[in-house]
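K.L.:
Using the UniProt record's numbering, the letters of the sequence shown map in sequence onto residues 1 to 143.
Note that the Cβ used here is the ideal one computed from N, Cα and C, for glycine as well.
Mind looking over this structure? Questions follow.
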Amino acid sequence: MWIGSAKGWLVTADDECGLHLLNPISGTQHSLPSITTTGYFDALPRTDGDEARFLFKVASFVETYWPEGHTGFVGWCSDIEISTEEIRSSRLLKAVPLWDPSSGEYFIMMMHCPRNRVVLARGRDAKWMPLQTRHRYEDVIVY
């Protein structure tokens, strides 16, 4: 499934929620950091035949974006188990590659749920870095 594109490159999420930067013309593909590197998604152990699942860690999410606390999460304290299909279809909202990946340097902005947050990663980064702001985003655009 593709979740964004720019300059001939697609950002894709595979069946296991692995994220990739793909040039469909040349077939070149770069692996992007796992969503688990955000600090608030954990991969759950799999049993035979089960699809991959993730645990959304509410307390870690709140601590990342609101270190002083956030009253909007009162009563929503327990972690949430999420299927890969749900992450791909409704949690990874949009990703946009910036700069030209063919030069060897690229930068990805990815908007995700909950609360329409943005995380960033460069080609050499091992993890996603959250854009720490109280604002929600409706779109990510490159021009």
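(1) What's the call for residue 80, buried or exposed, on a 16-neighbour Cβ count within 10 Å?
(2) Name the DSSP beta bridge partners of residue 81, please?
(3) From the DSSP output, read off the bridge partner residues of residue 12.
(4) As a quick exercise: from 117, 33, 127, pick the residue whose alpha carbon is nearest that of residue 91.
(5) Give a yes or no on whether the C-beta atoms belonging to residue 53 and residue 82 are separated by under 8 Å.
(6) In whole angstroms, give me the CA-to-CA distance for residue 11 and residue 105.
(7) From which residue to which residue does the beta strand (DSSP E) around residue 90 run?
(8) Return the residue from the list 47, 36, 125, 93 that minimises the CA-CA distance to residue 1.
(9) Just how far apart, CA to CA, sit residue 32 and residue 3?
(10) Please state if the CB of residue 36 and the CB of residue 130 are separated by a distance shorter than 8 Å.
(11) Express the C-alpha separation of residue 9 and residue 49 in angstroms, rounding to a whole number.
(12) Is the closest heavy atom of the ligand FMN to the C-beta of residue 53 under 7 Å?
P.N.:
Taking the structure as given:
(1) Flag for residue 80 reads exposed.
(2) BP columns for residue 81 point to 55.
(3) Looking at the DSSP assignment, residue 12 forms a beta bridge with 2, 20.
(4) It is 117 whose Cα lies nearest to the Cα of residue 91.
(5) With respect to residue 82, residue 53 sits close: the two C-beta atoms are nearer than 8 Å.
(6) A straight line joining the alpha-carbon of residue 11 with that of residue 105 spans about 15 Å.
(7) First-last for residue 90: undefined, no H or E at that position.
(8) If we check each option's Cα against that of residue 1, 93 comes out closest.
(9) Residue 32 and residue 3: Cα-Cα distance of roughly 13 Å.
(10) No, the pair does not count as a contact, with Cβ atoms beyond the cut-off.
(11) Between residue 49 and residue 9, the C-alpha separation is close to 33 Å.
(12) Of ligands this structure carries none, so the ligand FMN is not represented either.
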